[in-house]
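Undergrad: Sharing a structure here in structure tokens format.
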Amino acid sequence: MSDKFGFATKALHIGQPVEKEFNSVVPPIYMTTTYKQDTPGEPKVYDYTRSGNPNFGFLEETLASLENAKFATIFSSGLGGVTSILSRLQPGERVISIDDVYGGTFRLMKNTFLGQHIDAVFGDINDEGWVKSELAKGARLIWIESPTNPLLTLADIEKLAALAHEHNAELVVDNTFASSYFQSPLSLGADLVLHSCTKYIGGHSDIVGGCVATNSKEWKDHLDYARKAIGFNPSPFDAWLLSRSIKTLAVRMERHQENAWELAKRLSKHPKVKTTIYPGLESHPQHSLAQKQMSGYSGIVSVIFNTDLQETKKLIASFKLIKLAESLGAVESLVCHPASMTHASIPRDLRVARGLDDGLIRISVGLEDIEDLWADITSVLDEKGS
Ligand SMILES: *Cc1c(COP(=O)(O)O)cnc(C)c1O
12 MSDKFGFATK
22 ALHIGQPVEK
32 EFNSVVPPIY
42 MTTTYKQDTP
52 GEPKVYDYTR
62 SGNPNFGFLE
72 ETLASLENAK
82 FATIFSSGLG
92 GVTSILSRLQ
102 PGERVISIDD
112 VYGGTFRLMK
122 NTFLGQHIDA
132 VFGDINDEGW
142 VKSELAKGAR
152 LIWIESPTNP
162 LLTLADIEKL
172 AALAHEHNAE
182 LVVDNTFASS
192 YFQSPLSLGA
202 DLVLHSCTKY
212 IGGHSDIVGG
222 CVATNSKEWK
232 DHLDYARKAI
242 GFNPSPFDAW
252 LLSRSIKTLA
262 VRMERHQENA
272 WELAKRLSKH
282 PKVKTTIYPG
292 LESHPQHSLA
302 QKQMSGYSGI
312 VSVIFNTDLQ
322 ETKKLIASFK
332 LIKLAESLGA
342 VESLVCHPAS
352 MTHASIPRDL
362 RVARGLDDGL
372 IRISVGLEDI
382 EDLWADITSV
392 LDEKGS
């Protein structure tokens, strides 16, 4: 029945069953680790909460419908989802990844036991020659994010899915930045969609969680098995909170976009700003690809100021409303400085060569009144003598 509904309706009504005993409109939280069996080895539905729980099932139904997927599996974090996907690979199997992949995913693919098990290569995913030459060597997965962090670079999902399939590989799209609301990778040919639910799906800076959606029964079985075998289950309470968060995802995303777009337009005209990066701006080098594969441009704006490292650090620590913090996608606006925070471990030459200037900041634009956000920014930017 979910196919006939729009996104906002699905977010409210799919995976939100009325409870049977008291007809409570909101499903209860099943804080239980185990389930009584009437006959040994024949559980009614669930046997142990690491492998399954009613709140997991409700949330998975909602998330699958929002990603136009048959299945979803939820995890205790986005990285739990990443690990669970990668744990299906055989020794030496290859992953072709974008070079500016999320730092935690990079760490996993390079430095942990998984890095020793698989063969991950990193490069410019928009360089078709490179992707084809890597595919020709044999690969199991192509791994992308679109838009990326923090430069908001896009990758052509439809094209990469076709390329992967021609070479018997599959495409994974980390859809965290766009959210299910603005981008539907499975409909563009991707095989797996990953979210850090910690970001837009949770949306309130209070839950760490993850999910993977797919149309493949083999992948769904593997993901469920991996969660149980490795132990990446969330708590039933967190799953319930995510179900609650999702009810407002559509309205939140509309407002995130509205505020981000307006800030991007104003910032791009400010004399202290060298470059404003937002996929909705015509100046974004991949604006037409954004128009083609996204239904909106989401809520992240990156800005390069005409400032050095020290000045930039001082500048962003001076905002009053916009909080200096890692993470993104929450109702409150957050700002971060990649050169001294998320990307500080990359040597400066390499960092700058990749476009991560000292003056670059990333704003996760929240749901505040736009004039208050703008006043917060201009009070710092227009300060005399700075
Ligand atoms: C935060 C993030 C992750 C990791 O998710 P956690 O919930 O922090 O484990 C993965 N990918 C992207 C793009 C992210 O922003």
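Mapping of the sequence shown onto this note's numbering: residues 12 to 397, in sequence order.
Glycine included, each C-beta is placed from N, C-alpha and C at the ideal position.
To the nearest whole angstrom, what separates the beta carbons of leucine 371 and serine 313, a pair I think is in contact under 8 Å?
TA: With a Cβ gap of about 6 Å, leucine 371 and serine 313 count as contacting.
Undergrad: Rank Leu165, Asn137 and Ala180 by C-alpha distance to the C-alpha of alanine 147 and give the top, closest one.
TA: Cα-wise, what sits closest to alanine 147 is Ala180.
Undergrad: Should serine 404 be listed as close to ligand 1, given that the test is whether its C-beta is under 6 Å from any heavy atom?
TA: Since the displayed the chain opens at 12 and closes at 397, residue 404 lies outside it and no answer follows.
Undergrad: Please classify lysine 285 as buried or exposed, where buried requires at least 16 other C-beta atoms within 10 Å of its C-beta.
TA: It counts as exposed.
Undergrad: Does DSSP put valine 93 in a helix, a strand or coil?
TA: Of the three classes helix, strand and coil, the one that applies to valine 93 here is helix, per DSSP.
Undergrad: Kindly indicate which residue of Val376, Glu337, Phe133 and Val93 has the alpha-carbon position closest to the one of tryptophan 272.
TA: Of the candidates Val376, Glu337, Phe133 and Val93, the one whose C-alpha sits nearest the C-alpha of tryptophan 272 is Val376.
Undergrad: Since I believe alanine 172 is in contact with alanine 201 (beta carbons under 8 Å), could you give me their beta-carbon distance rounded to a whole number of angstroms?
TA: So it is a contact: roughly 5 Å between Cβ atoms.
Undergrad: List the endpoints of the continuous alpha helix (DSSP H) containing glutamate 156.
TA: It is not in any alpha helix (DSSP H) - glutamate 156 instead sits in the beta strand (DSSP E) that spans 152-156.
Undergrad: Please report the distance separating the alpha-carbon of methionine 42 from that of tyrosine 59.
TA: Cα to Cα, the separation comes out at about 11 Å.
Undergrad: Using a Cβ-Cβ cut-off of 6 Å (strictly less than) and excluding sequence neighbours within five positions of alanine 336, which residues of its own chain qualify?
TA: Taken in chain order, the residues that qualify are Leu345.
Undergrad: Where does glycine 242 land, buried or exposed, given buried means 16+ other C-beta within 10 angstroms?
TA: Counting Cβ neighbours within 10 Å, glycine 242 comes out exposed, since fewer than 16 surround it.
Undergrad: Would you check if the distance between the CB atom of isoleucine 404 and the CB atom of isoleucine 155 is smaller than 7 Å?
TA: Given a span of 12 to 397 for the chain in the structure shown, any question on residue 404 remains unanswerable.
Undergrad: With DSSP run on the structure shown, which of helix, strand or coil describes serine 397?
TA: In this prediction, serine 397 scores a pLDDT of 46, lower than 50, which makes its location untrustworthy; no coordinate-derived value is stated.
Undergrad: With a cut-off of 8 Å on the beta carbons, I'd call glycine 89 and leucine 203 a contact; round off their distance for me.
TA: That belief does not hold up - the Cβ atoms of glycine 89 and leucine 203 are roughly 13 Å apart, past 8 Å.
Undergrad: Suppose you measure from the CA of phenylalanine 86 to the CA of leucine 252; what does that come to, to the nearest Å?
TA: Roughly 14 Å separates the two Cα atoms.
Undergrad: Please give the ranges of any alpha helix (DSSP H) in the segment 60-118, keeping only runs that are unbroken, at least 4 residues long and fully inside the region.
TA: Complete alpha helix (DSSP H) runs here, min 4: 65-77 and 89-97.
Undergrad: Applying the 10 Å Cβ sphere with the 16-neighbour rule, what's the burial state of alanine 386?
TA: Exposed, since its Cβ has fewer than 16 Cβ neighbours within 10 Å.
Undergrad: Where does the unbroken beta strand (DSSP E) through arginine 359 begin, and where does it stop?
TA: It is not in any beta strand (DSSP E) - arginine 359 instead sits in the alpha helix (DSSP H) that spans 359-364.
Undergrad: Specify the secondary structure class of aspartate 249 as computed by DSSP and reduced to three states.
TA: Correct three-state label for aspartate 249: helix.
Undergrad: State yes or no: is the C-beta of tyrosine 113 nearer than 6 Å to some heavy atom of ligand 1?
TA: True, at least one ligand heavy atom lies under 6 Å from that Cβ.
Undergrad: Expressed to the nearest angstrom, what Euclidean distance is found between the alpha-carbon atoms of alanine 350 and threonine 318?
TA: Answer to the nearest angstrom: the Cα atoms are 12 Å apart.
Undergrad: How long is the line joining the alpha carbons of arginine 359 and isoleucine 109, rounded to whole angstroms?
TA: C-alpha separation (whole angstroms): 20 Å.
Undergrad: Would you mind listing the alpha helix (DSSP H) stretches within the segment 262-347 that are 4+ residues and don't spill past its ends, in chain order?
TA: The qualifying runs are 298-304 and 320-328.
Undergrad: Starting from the C-beta of tyrosine 211, find all residues in its chain whose C-beta is less than 6 Å away, skip the five residues before and the five after it, and write them out in chain order.
TA: Correct list, in chain order: Ser190 and Gly340.
Undergrad: Between the beta-carbon of leucine 163 and the beta-carbon of isoleucine 327, is there less than 7 Å?
TA: The answer is no: Cβ separation not under 7 Å.
Undergrad: Work out the CA separation of phenylalanine 248 and leucine 296 for me, nearest whole Å.
TA: Looking at the sequence provided, one finds proline at residue 296 rather than leucine. For proline 296 and phenylalanine 248, the distance between alpha carbons rounds to 42 Å.
Undergrad: Distance check for glycine 221 and glutamine 27, CA to CA, integer angstroms please.
TA: Answer to the nearest angstrom: the Cα atoms are 19 Å apart.
Undergrad: Phenylalanine 16 by DSSP, collapsed to three states: which one?
TA: Coil.
Undergrad: From the DSSP output, read off the bridge partner residues of glycine 134.
TA: For glycine 134, which the question treats as bridged, DSSP gives the partners Ile109.
Undergrad: For the beta strand (DSSP E) that glutamate 181 lies in, which residues bound it at each end?
TA: 181-185 is the extent of the beta strand (DSSP E) around glutamate 181.
Undergrad: Measuring alpha carbon to alpha carbon, tell me which residue in Leu125, Leu77, Pro102 and Thr84 is nearest threonine 259.
TA: Per the Cα distances, Leu77.
Undergrad: Report yes if the C-beta of glutamate 379 is less than 6 Å from at least one heavy atom of ligand 1; otherwise report no.
TA: Result no, Cβ not under 6 Å from ligand 1.
Undergrad: If you reduce the DSSP assignment to three classes, tell me which class glycine 221 lands in.
TA: DSSP places glycine 221 in strand when its eight states are reduced to three.
Undergrad: Taking the CB atoms as reference points, tell me whether isoleucine 315 and aspartate 368 lie closer together than 7 Å.
TA: Cβ atoms of isoleucine 315 and aspartate 368: closer than 7 Å.
Undergrad: Shorter than 6 Å, the distance from the beta carbon of glycine 213 to the closest heavy atom of ligand 1, or not?
TA: Flag unset: Cβ of glycine 213 not near ligand 1.
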